[in-house]
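Trainee: What follows is a structure written as structure tokens; I'll ask about it next.
Residue numbers (the working numbering): 1 to 642.
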């Protein structure tokens, strides 16, 4: 092993003195960085020494060629065959050229040591593959001719070619991918090729309107979509091995101020994009859940899956938590009898391969959680592709935040969890007891689009990865955020499963958004080592809802000013324990900026075409009487013996 100059000099000094050296924080960071760099170099060297790379153009059924890079173990032979592990991606299989090697082939370095034939494919219309790229290409349940293609058929055709043409494969294929490649993994499992034995959609996109990436319950993720589509999916007339990713010049590190000065979403084209970003134009042309978005919902099509499925997600994924939860549910419902396992850990987007999984933001989990997961994932593929030992996974293997432990369940949500509701009461009280017959009242706030509630205190242009576990006191101290909390808990309370908001509201405008946040409040004297966390309000889950869709995402509807209206919506699942001595808190607000674009609060047919003059102040009321009982509906997991 060749050491870096920094590591070598420190080691030499240690040897000469025979004593531990005082190392500054800066030196320690530098040593850690050098150590990681050395490990990466060794990893890259191992791949270069043990694998041979080949490049192919695989014909799909309509004649388009899909560019594919293949890395084969050097000891592969007729007597030593290997399974294929496939990744299909819109983000490039670079580096291109038979002598240019990737520095990572599997989710972890253990995959290269174990040995697979690693295959990477540019999906149709991206980089070096022929054809037209279509974002979240709609699935075709019926294919009448060879011209009827989708991501399922492209995967089938690719696997069929690989099995027949790659020497020394053992006839078994696995597929995996994170985020967009997770979508392609889900799509590849539909009507799957007989050789496809194991799939792992990880943070898979499922529905870009109801829950993943670009929208949350119909509310537009302005910050993410603006930054992403500035570069992604641009027209590419001919196959190219050049990466054409452009960073947008915001002119300031202050994303909140940038998007506030942008004004209406309608101004993005006038000021910056000049109608030159095709998918941005599609977004603003389709503000409702019409056929454009419905056709891009993969969930109803997740059928005829024969492979074993390991769906993976992260509780702190700011992009795709809806996807893995709903993908698991759809596969479970539509493919009875197959192995279908859900794993959700305490991770941000892709954090199960890109981090140690020991912390997110202010929240620490006490240990490197990926060390529990990664060997199990490898065992899953070894079992189904190499006849390795069965890892005997439970139906759902979930990390319980708050208690910081892994739990196995035979169903998700757990069968033993009980429906309850956290009801809002006067004076900011939250309780599992419904309002009494004589209770009445409401709380109100002025929602001002000119001063929207920020979703994070961070100063950044790209979307935050840490806000999902951040202290919410910055929000609860604002007059346009309502707060309810329980008394101090005298025993642990574990919530396990989906959340549902039932709000009774009135607004003085004709449109509104509502954001509901579930929060864990620490005891007044709480400490985390030297860090004081007294009364900290740690976000557990938050979800916005564009309330014009209260009667269905397909049918936007204006509010009648001052009329009490029920607004009910789904919030992604949790598995969280509020420990004895803590409090449970719920916050309600009407903006979450610039993660979510501002609602003008004047009903217009297309919010993305709203004029700056449509943005008006409005007074919003949330009611908590016996017959208008606003609440957060939850599933409570009983303690042992209850």
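Yeah, the Cβ is synthetic: ideal placement off N, Cα and C, and Gly gets one too.
Measuring alpha carbon to alpha carbon, tell me which of 538, 550, 129 ends up nearest residue 96.
Mentor: Numbered from its first residue, the chain shown carries residue 96 at position 96. Selected option, being the one with the closest Cα: 129.
Trainee: From the DSSP output, in three-state form, read off residue 570 for me.
Mentor: For this step, residue 570 is matched to residue 570 along the chain shown. It is a strand residue.
Trainee: Based on Cα-Cα distance, which residue from 592, 548, 551 lies nearest to residue 468?
Mentor: For this step, residue 468 is matched to residue 468 along the chain shown. Ranking 592, 548, 551 by Cα distance to residue 468 puts 592 first.
Trainee: Can you give me the Cβ contacts of residue 381 inside the same chain, cut-off strictly under 6 Å, excluding the 5 residues immediately before and after it?
Mentor: Taking the chain shown and counting its residues from 1, the one referred to as residue 381 is at position 381. Same-chain partners within the cutoff: 174, 198.
Trainee: Thinking just about the alpha-carbon of each residue, which of 632, 607, 561 is nearest to the one in residue 619?
Mentor: Taking the chain shown and counting its residues from 1, the one referred to as residue 619 is at position 619. Here the closest residue by C-alpha is 561.
Trainee: Hey, how far is the Cα of residue 441 from the Cα of residue 264?
Mentor: Working through the chain shown from its first residue, we reach residue 441 at position 441. Working through the chain shown from its first residue, we reach residue 264 at position 264. Approximately 35 Å, taken between the alpha carbons.
Trainee: Rounded to whole angstroms, what's the CA-CA distance from residue 630 to residue 435? Just pull it up for me.
Mentor: To locate residue 630, count along the chain shown from 1; it is residue 630. To locate residue 435, count along the chain shown from 1; it is residue 435. Computed Cα separation, rounded: 9 Å.
Trainee: Any idea if residue 340 is buried or exposed, counting beta-carbon neighbours within 10 angstroms, 16 or more meaning buried?
Mentor: Locating residue 340 in the chain shown gives position 340, where the first residue counts as 1. Under this definition residue 340 is a buried residue.
Trainee: Determine the closest residue to residue 538 out of 521, 105, 546, with distance taken between C-alpha atoms.
Mentor: Translated into positions along the chain shown, residue 538 becomes position 538. Closest option to residue 538, Cα to Cα, is 521.
Trainee: Can you tell me the Cβ-Cβ gap for residue 208 and residue 293, rounded? I've got them flagged as a contact below 8 Å.
Mentor: In the chain shown, counting from the first residue as 1, residue 208 sits at position 208. In the chain shown, counting from the first residue as 1, residue 293 sits at position 293. About 7 Å; that satisfies the 8 Å criterion.
Trainee: Tell me whether the beta-carbon of residue 115 lies closer than 9 Å to the beta-carbon of residue 91.
Mentor: As a working mapping, residue 115 is identified with position 115 in the chain shown. As a working mapping, residue 91 is identified with position 91 in the chain shown. No, they are not a contact pair.
Trainee: From 251, 107, 111, 120, pick the residue whose C-alpha is nearest to that of residue 56; which is it?
Mentor: For the purposes of this step, residue 56 is identified with residue 56 of the chain shown, where counting begins at 1. Ranking 251, 107, 111, 120 by Cα distance to residue 56 puts 120 first.
Trainee: Name, in chain order, the residues that DSSP records as bridge partners for residue 618.
Mentor: Start at 1 with the first residue of the chain shown, and residue 618 comes out as number 618. DSSP output for residue 618 lists 447 as bridge partner(s).
Trainee: Taking contact to mean at least 3 C-beta pairs separated by less than 8 Å, is the stretch 496-508 in contact with the stretch 397-415?
Mentor: The stretch 496-508, when compared against the stretch 397-415, does touch it at the 8 Å Cβ threshold.
Trainee: Mind reading off the beta-carbon distance from residue 346 to residue 365? Whole number of angstroms is fine, and I expect it under 8 Å.
Mentor: Counting from one through the chain shown, the residue named residue 346 turns up at place 346. Counting from one through the chain shown, the residue named residue 365 turns up at place 365. So it is a contact: roughly 5 Å between Cβ atoms.
Trainee: Assign residue 15 to one of two classes, buried (16 or more other C-beta atoms within 10 Å of its C-beta) or exposed (fewer than that).
Mentor: Reading the chain shown from its first residue, position 15 is the one you call residue 15. A caution first: residue 15 carries a pLDDT of 49, below 50, which makes its placement in the model too unreliable to give a value.
Trainee: Would you call residue 490 buried or exposed, if buried means 16 or more other Cβ atoms sit within 10 Å of its Cβ?
Mentor: For this step, residue 490 is matched to residue 490 along the chain shown. Looking at its Cβ environment, which holds fewer than 16 other Cβ atoms inside 10 Å, residue 490 is exposed.
Trainee: Which class does residue 563 belong to by DSSP, given the choice of helix, strand or coil?
Mentor: Walking along the chain shown from the start, residue 563 turns up at place 563. It is coil, neither helix nor strand.
Trainee: Going by other Cβ atoms of all chains shown within 10 Å of its Cβ, with 16 needed for buried, is residue 63 buried or exposed?
Mentor: The sequence position of residue 63 within the chain shown is 63, counting from 1. Classification for residue 63: exposed.
Trainee: Along the chain, where does the alpha helix (DSSP H) that runs through residue 55 open and close?
Mentor: As a first step, residue 55 is located in the chain shown; it is residue number 55 there, counting from the start. Residue 55 -> not in any alpha helix (DSSP H); beta strand (DSSP E) instead, spanning 51-59.
Trainee: Let me check understanding here. Comparing Cα to Cα, which of 353, 281, 299 lies closest to residue 314?
Mentor: One-based indexing of the chain shown puts residue 314 at position 314. Of the listed residues, the one whose Cα sits closest to residue 314 is 353.
Trainee: Taking the alpha carbon of residue 588 as the point to measure from, which residue in 511, 637, 484, 597 has its own alpha carbon closest?
Mentor: The residue you call residue 588 lines up with position 588 of the chain shown. Nearest option by C-alpha distance: 484.
Trainee: Who are the Cβ neighbours of residue 126 in its own chain at under 6 Å, not counting the five residues just before and after it?
Mentor: Counting from 1 along the chain shown, the entry for residue 126 is found at position 126. Excluding residues within five positions, the ones whose Cβ falls inside 6 Å are 90, 133.
Trainee: Can you tell me which of the three DSSP states residue 365 falls into?
Mentor: Counting from 1 along the chain shown, the entry for residue 365 is found at position 365. Of the three classes helix, strand and coil, the one that applies to residue 365 here is coil, per DSSP.
Trainee: Figure out for me which residue from 476, 247, 507, 527 has the closest Cα to the Cα of residue 516.
Mentor: As a working note, residue 516 is residue 516 in the chain shown. Looking at the Cα atoms, 476 is the closest of the given residues.
Trainee: Taking the alpha-carbon positions, what's the residue 398 to residue 617 distance?
Mentor: As a first step, residue 398 must be located in the chain shown, where it is residue number 398. As a first step, residue 617 must be located in the chain shown, where it is residue number 617. Computed Cα separation, rounded: 42 Å.
Trainee: Quick one: what's got a C-beta closer than 6 Å to residue 534's C-beta in the same chain, skipping five residues either side?
Mentor: The residue given as residue 534 occupies position 534 in the chain shown. 524, 525, 526, listed in sequence order.
Trainee: What is the rounded straight-line gap between the Cα of residue 304 and the Cα of residue 149?
Mentor: Within the chain shown, residue 304 is the residue found at index 304, counting from 1. Within the chain shown, residue 149 is the residue found at index 149, counting from 1. Rounded to the nearest angstrom, the two C-alpha atoms are 17 Å apart.
Trainee: Tell me which residue opens and which closes the beta strand (DSSP E) that residue 293 is part of.
Mentor: Translated into positions along the chain shown, residue 293 becomes position 293. Here residue 293 belongs to no beta strand (DSSP E); instead the alpha helix (DSSP H) covers 291-294.
Trainee: Going by CA-CA distance only, name the one from 140, 451, 218 that's closest to residue 552.
Mentor: Against the chain shown, residue 552 aligns to sequence position 552. Ranking 140, 451, 218 by Cα distance to residue 552 puts 218 first.
Trainee: So, with DSSP's three-state summary, where would you put residue 359?
Mentor: For the purposes of this step, residue 359 is identified with residue 359 of the chain shown, where counting begins at 1. Correct three-state label for residue 359: strand.
Trainee: Specify, as a first and last residue, the run of the beta strand (DSSP E) that residue 543 falls within.
Mentor: As a working note, residue 543 is residue 543 in the chain shown. Looking at the DSSP string, the run of the beta strand (DSSP E) that includes residue 543 is 537-546.
Trainee: Residue 448 to residue 549, Cα distance in whole Å?
Mentor: Taking the chain shown and counting its residues from 1, the one referred to as residue 448 is at position 448. Taking the chain shown and counting its residues from 1, the one referred to as residue 549 is at position 549. When rounded, the distance between both Cα atoms is 21 Å.
Trainee: Determine the direct distance from the alpha carbon of residue 452 to that of residue 254, and round the result to whole angstroms.
Mentor: As a working mapping, residue 254 is identified with position 254 in the chain shown. As a working mapping, residue 452 is identified with position 452 in the chain shown. If you take the alpha carbons of residue 254 and residue 452, they lie about 15 Å apart.
Trainee: Jot down the residue ranges of each uninterrupted beta strand (DSSP E) in the stretch 471-517, minimum 3 residues, whole runs only, in chain order.
Mentor: Qualifying beta strand (DSSP E) stretches, in chain order: 482-485, 493-507.
Trainee: Should residue 574 and residue 348 be called a contact, given that it needs their Cβ atoms to be closer than 9 Å?
Mentor: The residue labelled residue 574 in the question sits at position 574 within the chain shown. The residue labelled residue 348 in the question sits at position 348 within the chain shown. Not closer than 9 Å, so no.
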